[in-house]
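Please read the structure below before turning to the comments.
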């Protein structure tokens, strides 16, 4: 039972254009969401996060939007650069004590940015 | 180094062999997590330590999997009598505090790719 879903396995965009990566979740206990970026043979690297009390968080070229009623979030990358080509994981966390800080990940989306 | 390190980076084991995977978290990090990432999947939680205490091992798939962190720093994930379905990348992550704050970020190591023949 996938509690975090990334239904599109891959996305290809032109350099300079916007990349939109989508993520859906089913567990209403999730209240904090993160995006991780992963290059081959490396571990996931934290990119950006958002709390459920917000609907938008921006950091440079990266913006995450949260639609809590739809249980949907998206990561926007503007403008996209070839170095952004990687696998992007959406992750969610339940609020609580330390033991509840484990992350639940989606399957990931492979982003390819064409020069 | 400044990041989370894991060793070995690659491990090939024959079915039935025991393996031990090591994680060196960022110095001073209290919380440590192990995740398993199968091919084409996202990481899945295995177990969690706060200092030397293993507070959550609900993700360990069977009693062949055992993890320890005896001195609250380095952790070892041991898999006994490995099976082909154990083939995956095993990721370790650490974070600064006990995970009580919503802004705590987990920093991941590069992982150990285990292949069971």
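Protein chains in written order, with my numbering: chain A, 1 to 115; chain B, 116 to 232. Glycine is no exception: its CB is placed at the ideal position from the N, C-alpha and C atoms. Just so we're clear, the structure is a prediction, and the values are computed from it rather than from any experiment.
Close Cβ partners of residue i (< 6 Å) along its chain, the five nearest in sequence each way excluded
i: residue 99 of chain A; result: Any reading at residue 99 of chain A must be qualified, since the residue scores a pLDDT of 43, below 50, and its modelled position is unreliable; the value itself is stated next. None.
i: residue 204 of chain B; result: 152, 226 and 228
i: residue 115 of chain A; result: 15 and 82
i: residue 196 of chain B; result: 131 and 179
i: residue 51 of chain A; result: 32
i: residue 34 of chain A; result: 49 and 91
i: residue 163 of chain B; result: 148, 170 and 171
i: residue 41 of chain A; result: none
i: residue 65 of chain A; result: 56 and 74
Residue-level contact to chain B via CB, residue i, 9 Å cutoff
i: residue 68 of chain A; result: no
i: residue 58 of chain A; result: no
i: residue 49 of chain A; result: yes
i: residue 103 of chain A; result: yes
i: residue 83 of chain A; result: no
i: residue 75 of chain A; result: no
i: residue 21 of chain A; result: no
Limits of the beta strand (DSSP E) - the one that residue i falls within
i: residue 47 of chain A; result: 45-51
i: residue 193 of chain B; result: 190-194
i: residue 172 of chain B; result: Note, residue 172 of chain B: premise wrong, no beta strand (DSSP E); not H, not E.
i: residue 134 of chain B; result: 134-139
i: residue 126 of chain B; result: 125-128
i: residue 165 of chain B; result: 159-165
Chain-order list of residues whose beta-carbon lies under 8 Å from that of residue i (same chain, five-residue window excluded)
i: residue 38 of chain A; result: 44, 45, 86, 87, 88, 89 and 108
i: residue 134 of chain B; result: 126, 128, 193, 194, 197 and 229
i: residue 166 of chain B; result: 145, 184 and 187
i: residue 159 of chain B; result: 150, 151, 152, 153 and 174
Any C-beta of chain A under 9 Å from that of residue i
i: residue 159 of chain B; result: yes
i: residue 148 of chain B; result: yes
i: residue 135 of chain B; result: no
i: residue 208 of chain B; result: yes
i: residue 187 of chain B; result: no
i: residue 139 of chain B; result: no
i: residue 180 of chain B; result: no
i: residue 191 of chain B; result: no
i: residue 201 of chain B; result: no
Burial state of residue i (16 or more Cβ within 10 Å)
i: residue 60 of chain A; result: exposed
i: residue 121 of chain B; result: buried
i: residue 154 of chain B; result: exposed
i: residue 18 of chain A; result: exposed
i: residue 168 of chain B; result: exposed
i: residue 102 of chain A; result: buried
Close beta carbons around residue i, own chain, < 7 Å, minus the five adjacent residues each side
i: residue 231 of chain B; result: 128, 130, 197, 198, 199, 201 and 202
i: residue 12 of chain A; result: 112 and 114
i: residue 26 of chain A; result: 3 and 71
i: residue 78 of chain A; result: 18 and 61
Whole-number beta carbon distance between residue j and residue i, since they are thought to touch under 8 Å
i: residue 123 of chain B; j: residue 209 of chain B; result: 19 Å between Cβ atoms; not a contact.
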